[in-house]
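Colleague: Just passing along the structure, written as structure tokens.
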């Protein structure tokens, strides 16, 4: 919605492509394209993007690559080391880690040539700051400074001190939490694969996942997010959610608690079926953000919820 609807109100056009095909990004680039954007690990599609290959495509056209690294977190994946120019995170998710705080993070690599002629806002005087030229004055980190001094000031997305403190508290335990998220998610995925009421499982940490090897090359682990299909279609997916006793029905991810949701009837309900499928959402799909609880408790609730289905 943000890319297709909200940005359009600012005159920004977005072309959507199959993120698993680096050549698809090249095919979609037009003369007025100014950035390439992708998720390192898609939500909820769990598509793994070949960051290095897409970075080559973007740079060949003089464009920055922006990677949303929310799902793997910085502990599991470092897009800057793979060629990304800007990395963004929803700090609400794994960075904060406890579902208590709204916030975001932007990190700049500091190597992109903003003076290549495509970005006049970076190389022209800023009327709001006495004619400062951000690229000339701040060099490699001109984009970050412009984002902070112009955009943040004008649009007001400033983090409160309390939220900043909570996120910093979460970051202190990020490595420990991510290791547990990954281990629990792997165990859940293996359990679901063998369950008779589950039709499919999507988790890049499984060896038979089509992008498993790419995930291993780019990441330390496949994170705690997975998706699966419940036999019986959309109605069965909803009933699974309703039958849960231990897991929480929430739209967030990256919490200490295990969170479940039926995207087709909630987060992606405004899309028609074709749009939902393009986003990786199927009618029978349940998305699960596996938490830090004891694995036996998680598997118990999954099993009894599936057992409640006809």
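Numbering (the numbering used here), first residue to last: 3 to 312. Yeah, the Cβ is synthetic: ideal placement off N, Cα and C, and Gly gets one too.
Leaving out five residues on either side along the sequence, give the residues of the same chain with a beta carbon under 6 Å from the beta carbon of residue 203.
Modeller: Taking the chain shown and counting its residues from 1, one reaches residue 203 at position 201. Counting only Cβ-Cβ distances below 6 Å, and skipping sequence neighbours, we find 191, 194, 195 and 230.
Colleague: Quick one: Cα of residue 224 to Cα of residue 123, how far?
Modeller: As a working note, residue 224 is residue 222 in the chain shown. As a working note, residue 123 is residue 121 in the chain shown. Cα-Cα distance, rounded: 38 Å.
Colleague: Do the CB positions of residue 328 and residue 243 come within less than 7 Å of each other?
Modeller: Any property of residue 328 remains undetermined from this structure, which presents the chain solely from 3 to 312.
Colleague: For the putative contact between residue 310 and residue 283, defined by C-beta atoms under 8 Å, what is the C-beta separation to the nearest angstrom?
Modeller: Looking up residue 310 in the chain shown gives position 308. Looking up residue 283 in the chain shown gives position 281. So it is not a contact: roughly 23 Å between Cβ atoms.
Colleague: Looking at residue 212: is its Cβ nearer than 7 Å to the Cβ of residue 48?
Modeller: Along the chain shown, read from residue 1 onward, the residue named residue 212 stands at position 210. Along the chain shown, read from residue 1 onward, the residue named residue 48 stands at position 46. Against a cut-off of 7 Å, the Cβ pair of residue 48 and residue 212 comes out as no contact.
Colleague: Please list, in chain order, all residues of the same chain as residue 187 whose beta carbon is under 6 Å from its beta carbon, the five residues on each side excluded.
Modeller: Start at 1 with the first residue of the chain shown, and residue 187 comes out as number 185. Only 226, 228 and 292 meet the Cβ criterion.
Colleague: Can you name, in chain order, every residue of its own chain whose Cβ lies under 6 Å from the Cβ of residue 108, other than the five neighbours on each side?
Modeller: Within the chain shown, the letter at position 106 stands for residue 108. Excluding positions up to five away in sequence, the list reads 90.
Colleague: First and last residue of the alpha helix (DSSP H) that includes residue 92?
Modeller: Along the chain shown, read from residue 1 onward, the residue named residue 92 stands at position 90. Careful: residue 92 lies outside any alpha helix (DSSP H), inside the beta strand (DSSP E) at 88-92.
Colleague: Quick test of your reading: residue 97 and residue 169, contact by CB under 8 Å. State the CB separation rounded to the nearest angstrom.
Modeller: Position 95 of the chain shown, counting from 1, holds the residue named residue 97. Position 167 of the chain shown, counting from 1, holds the residue named residue 169. That pair is a contact at about 6 Å.
Colleague: Could you tell me the alpha carbon to alpha carbon distance between residue 17 and residue 165, rounded to whole angstroms?
Modeller: Here residue 17 is taken as the residue at index 15 of the chain shown, counted from 1. Here residue 165 is taken as the residue at index 163 of the chain shown, counted from 1. If you take the alpha carbons of residue 17 and residue 165, they lie about 34 Å apart.
Colleague: Where does the unbroken beta strand (DSSP E) through residue 297 begin, and where does it stop?
Modeller: For the purposes of this step, residue 297 is taken as the residue at position 295 of the chain shown. Per DSSP, residue 297 belongs to no beta strand (DSSP E); it is in the alpha helix (DSSP H), 297-309.
Colleague: For residue 262, count neighbouring Cβ atoms within 10 angstroms of its own Cβ and tell me buried if that reaches 16, exposed if not.
Modeller: Taking the first residue of the chain shown as 1, we reach residue 262 at position 260. By the 10 Å Cβ count, residue 262 comes out buried.
Colleague: Roughly how many angstroms separate the alpha carbons of residue 199 and residue 80, rounded to a whole number?
Modeller: What you label residue 199 is simply residue 197 of the chain shown in a count that begins at 1. What you label residue 80 is simply residue 78 of the chain shown in a count that begins at 1. So the two alpha carbons sit approximately 37 Å from each other.
Colleague: Evaluate residue 11 with the Cβ neighbour count: other Cβ atoms within 10 Å of its Cβ, from every protein chain shown; 16 or more gives buried, anything less gives exposed.
Modeller: As a working note, residue 11 is residue 9 in the chain shown. With fewer than 16 other Cβ atoms within 10 Å, it is exposed.
Colleague: Report the option in 4, 32, 13 and 42 whose CA atom is closest to the CA atom of residue 22.
Modeller: Sequence index remark: in the chain shown, residue 22 carries index 20 (1-based). Checked all of 4, 32, 13 and 42; the closest Cα to residue 22 is 42.
Colleague: Do residue 288 and residue 232 have their beta-carbon atoms positioned less than 7 Å apart in this structure?
Modeller: For the purposes of this step, residue 232 is taken as residue 230 along the chain shown, with counting starting at 1. For the purposes of this step, residue 288 is taken as residue 286 along the chain shown, with counting starting at 1. Their beta carbons are under 7 Å apart, which means residue 232 touches residue 288 by this criterion.
Colleague: Thinking C-beta only, is residue 69 closer than 7 Å to residue 86?
Modeller: On the chain shown, residue 86 is found 84 positions in, with the first residue counted as 1. On the chain shown, residue 69 is found 67 positions in, with the first residue counted as 1. It is a contact, given that the beta carbons lie within the stated cut-off.
Colleague: Can you name the residues that DSSP bridges to residue 1?
Modeller: Residue 1 is absent from the structure shown; the chain starts at 3 and stops at 312.
Colleague: Since residue 94 contacts residue 78 with CB under 8 Å, what's their CB separation in whole angstroms?
Modeller: Position 92 of the chain shown, counted from the start, is the residue given in the question as residue 94. Position 76 of the chain shown, counted from the start, is the residue given in the question as residue 78. About 17 Å; that fails the 8 Å criterion.
Colleague: Cα-Cα, which of 234, 26, 278 and 106 is closest to residue 162?
Modeller: Within the chain shown, the letter at position 160 stands for residue 162. Selected option, being the one with the closest Cα: 106.
Colleague: Given a cut-off of 7 Å on the beta-carbon distance, is the pair residue 297 and residue 189 in contact?
Modeller: The sequence position of residue 297 within the chain shown is 295, counting from 1. The sequence position of residue 189 within the chain shown is 187, counting from 1. Cβ distance < 7 Å, so residue 297 and residue 189 count as in contact.
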